Each structure stands twice: as structure tokens, then as C-alpha cells.
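A.B. asks: Counted the way full-length UniProt numbering counts, the sequence shown spans residues 1 to 127.
Glycine included, each C-beta is placed from N, C-alpha and C at the ideal position.
Here the structure is a predicted model, which means the values were calculated and not measured.
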Amino acid sequence: MYSFYMRYYKKTPNKTVFTEGMNRIGRIYIPHQLKSRLGIVDEILVQLDTDKKYLPPGGYVTSLKINKEYEACVRFSENLNELGEIGYVYVRREVLDALGVDNQLAMRIVPYDITRQKEGALIETAG
1 MYSFYMRYYK KTPNKTVFTE GMNRIGRIYI PHQLKSRLGI VDEILVQLDT
51 DKKYLPPGGY VTSLKINKEY EACVRFSENL NELGEIGYVY VRREVLDALG
101 VDNQLAMRIV PYDITRQKEG ALIETAG
């Protein structure tokens with residue numbers, strides 16, 4: 001499992017946009033209703049793995065399938081049996097290779113609370 005810390009970027013009329021500093025995953029567009037339901041303020045933690053069963057419970061958990069492939073990244077869309085709150089997610093190929101992803105990807109979005117992190121703790125973990 002890989003975790004990515006993302007910060008508030010901007011607001012659109014219907015969604016709030018979050019970006020990751022190293023651009024390993026593209027911008028995440030979260031509807032305002034989902035943002036308030038999850039208690040998100042300015043920072044989120046996005047966790048990616050090969051299957052939903054490997055992700056911790058809580059937050060917004062969804063499964064994604066490949067929608068379109070580009071040279072440097074792959075666009076994923078939420079499966080039809082999911083809520084469909086997020087829509088598309090762009091993930092760089094090196095992240096997918098490190099995870100061993102074929103066609104399916106699981107994603108979890110939770111609010112990032114700096115007060116819960118221990119000093120010096122690493123945010124990104126490989127599993």
C-alpha cells in the first residue's frame with residue numbers, strides 16, 4: 001500500500017481540488033458534500049493498493065479500473081458498482097509498477113490530521 005499526502009489546491013462550484021507535491025497521482029476532485037461528510041478541511045491522505053481488502057476501514061473506499069493509458073500515467077475511473085463520487089484518477093506508471101497493479105486499483109481517501117502523526121514518521125509506506 002502506498003499513501004499520498006495531498007493539499008487543498010482550489011475550489012470549483014461543485015468540487016474541491018487537492019494536489020500531491022510530487023505529481024505521482026493527479027489532482028483529486030472531491031464533491032463538497034463528500035468533503036463535509038468525511039470531515040476534510042485542507043489536507044487528505046490517499047491510499048492506493050491492488051484490492052479494497054488491503055485498505056484499512058473508514059473514509060471513502062472505492063475500486064477503480066483502467067480507463068485510458070498515456071505515456072507517463074494511466075487514467076482510472078470508478079467501477080460501476082461504486083458510488084462514483086470521485087470519477088477519474090490519474091496515477092503515474094512507476095507507482096503502478098511498484099504496487100504491481102494490472103487492471104484494478106483500490107483507493108481510500110481520509111482526512112489528514114497532522115496531530116495524529118508521530119514526529120519523524122514516514123507518510124509513505126510500501127507493503
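Can you tell me where the alpha helix (DSSP H) with LYS68 in it begins and where it stops?
C.D. replies: For the purposes of this step, residue 68 is taken as residue 68 along the sequence shown, with counting starting at 1. First-last for LYS68: 60-69, but that is the beta strand (DSSP E), not the alpha helix (DSSP H).
A.B. asks: Have a look at the DSSP bridge pairing and note the partners of THR12.
C.D. replies: What you label residue 12 is simply residue 12 of the sequence shown in a count that begins at 1. None; THR12 has no bridge partner.
A.B. asks: Report yes if the CB atom of TYR54 is closer than 9 Å to the CB atom of VAL110, and no otherwise.
C.D. replies: Counted from its first residue, the sequence shown places residue 54 at position 54. Counted from its first residue, the sequence shown places residue 110 at position 110. Not closer than 9 Å, so no.
A.B. asks: Count the other CB atoms, across all protein chains shown, that sit within 10 Å of the CB of PRO13; report buried if there are 16 or more and exposed otherwise.
C.D. replies: By 1-based counting over the sequence shown, the position of residue 13 is 13. PRO13 should be labelled exposed.
A.B. asks: Work out the CA separation of LYS11 and GLN47 for me, nearest whole Å.
C.D. replies: Sequence index remark: in the sequence shown, residue 47 carries index 47 (1-based). Sequence index remark: in the sequence shown, residue 11 carries index 11 (1-based). Going by the C-alpha atoms only, they are around 22 Å apart.
A.B. asks: Would the beta-carbon of SER63 fall within 9 Å of that of GLU82?
C.D. replies: Residue numbering aside, residue 63 sits at position 63 when the sequence shown is read from its first letter. Residue numbering aside, residue 82 sits at position 82 when the sequence shown is read from its first letter. Yes, the Cβ-Cβ distance between SER63 and GLU82 is below 9 Å.
A.B. asks: Contact defined as beta carbons within less than 8 Å: I believe TYR2 pairs with ALA106. What is the distance between those atoms, to the nearest angstrom?
C.D. replies: Position 2 of the sequence shown holds residue 2. Position 106 of the sequence shown holds residue 106. Between ALA106 and TYR2 the Cβ distance is about 11 Å, and since that is not below 8 Å, they are no contact.
A.B. asks: Just to confirm, is the Cβ distance from GLY26 to VAL95 under 9 Å?
C.D. replies: For the purposes of this step, residue 26 is identified with residue 26 of the sequence shown, where counting begins at 1. For the purposes of this step, residue 95 is identified with residue 95 of the sequence shown, where counting begins at 1. Contact: no.
A.B. asks: By a C-beta neighbour count over all protein chains shown, 10 Å radius and 16 as the cutoff for buried, is TYR70 buried or exposed?
C.D. replies: Taking the first residue of the sequence shown as position 1, residue 70 is located at position 70. Classification for TYR70: exposed.
A.B. asks: Does the distance from the CB of TYR5 to the CB of ILE66 come in under 9 Å?
C.D. replies: For the purposes of this step, residue 5 is taken as the residue at position 5 of the sequence shown. For the purposes of this step, residue 66 is taken as the residue at position 66 of the sequence shown. Contact flag unset, no.
A.B. asks: What is the DSSP secondary structure of TYR54, reduced to helix, strand or coil?
C.D. replies: The residue labelled residue 54 in the question sits at position 54 within the sequence shown. Three-state DSSP puts TYR54 in a helix.
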